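Residue numbering for the sequence shown is 75 to 349, as defined by the numbering used here.
C-beta: ideal position from N, C-alpha, C; glycine also.
In this text, all values refer to a predicted model and were calculated from it rather than measured experimentally.
Below is one structure, written out as structure tokens; comments come after it.
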Amino acid sequence: MRSLVGLIAVVVAASVYLYYLSLYLPAAPRRRPPPPAEGRHEETEESEPPSRLKFPSDLEELRELAELLQFYKTEHTGYVLLLFCSAYLYKQSFAIPGSTLLNILAGAIFGPYQGLLLASVLTTVGSTMCYLLSKAFGKRYIISLFPDKVSMLQRKVEENQDSLFFFLLFLRFFPMTPNWFLNMCAPIVNIPITFFFGSVFIGLLPYNFICVQTGVMLSELTSLDDLFSRDRLLQLLAIACVALLPGALIRRLSQKRLKADVQSQNGSVADKKVQ
């Protein structure tokens, strides 16, 4: 009971903080007015009223939010960065779906390089916070809710103790279970936090790379026709190749080092035939 009360207190405190952070927007930057026509007096600069901030649920809301935050970023970079980091860590820490849209938003607001660095760091830190919350408050509830999945993951971790970090990378590239579930189960199945931290940062780089690059392209598009231009298609092909290379390497090496379900099943069948 104490662990449940502690978890609720953490969720409530984080929710209140994020709510008030999004509520008290700074003054909107001023846009430059168009040049005045002859015979007309120059109008004073006017600021646009702030829009209500909320988590995007589709691409249209994502585009609107990206435009708003890009507008604020011109004069309030620190606030936009704090707001984005807080929202991202909130989602990751409490295993809330939607990191894909936030990764795309990172590319649209901060660009390809800063966006990728930011998304990778926040993914790793947020997943680690989820790990710590699960270790402190959630062990009993996760085991009772997902007994079969937890026992399966525990068995696979024990079978791959000699190459545990490599196995964790494999799970990130080719997930047997969703990332949010792996984040919560990792402390329960005795995965060291150092291995967990490194595997999240490295293993989710291709995923973060694709999302951030998608956000960069969306921010540059003026119409859907631009998406199917030759330059855009070549860019998409290059992104896909770069993102697939680490996964292909992991898959190739895993055939020799990891104990997969198929291999163990083949081994048991062979043993029965020998008997």
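So what does DSSP say about residue i, is it helix, strand or coil?
i	result
Ala182	helix
Ile262	coil
Pro280	helix
Leu127	coil
Met250	coil
Ala88	helix
Glu138	helix
Pro221	helix
Pro100	coil
Gly172	coil
Leu81	helix
Thr151	helix
Asp132	coil
Asn257	helix
Asn234	coil
So, for residue i: in the same chain, excluding its five sequence neighbours on each side, which residues have a beta-carbon less than 7 Å away from its beta-carbon?
i	result
Met258	Ala169, Cys204, Ser208, Gly212 and Ile216
Leu163	Leu196, Val199, Gly200 and Met203
Phe184	Leu192
Ala260	Tyr205 and Phe270
Leu245	Leu256
Gly172	Phe129 and Lys165
Thr251	Lys223 and Leu227
Ile276	Leu243
Once the 5 residues before and after residue i are set aside, which same chain residues still bring their CB inside 8 Å of it?
i	result
Leu179	Pro130, Leu136, Leu139, Ala140, Leu143, Phe158 and Gly289
Leu78	Phe211 and Tyr215
Pro186	Val286, Gln287 and Val290
Ser160	Tyr91, Leu92 and Leu95
Ala88	Tyr164, Ser167 and Phe168
Phe220	Phe255 and Cys259
Phe239	Phe269, Gly272 and Ser273
Val224	Ile216, Ile217, Cys259, Ile262 and Val263
Phe241	Lys230, Val231, Asn234 and Leu332
Leaving out the 5 sequence neighbours to the left and right, which residues in its chain are closer than 6 Å to residue i when beta-carbon positions are compared?
i	result
Val231	Val263
Thr268	none
Tyr153	Pro100
Gln228	Val263
Leu127	Ser96
Leu278	Thr197 and Arg246
Val274	Thr198 and Ser201
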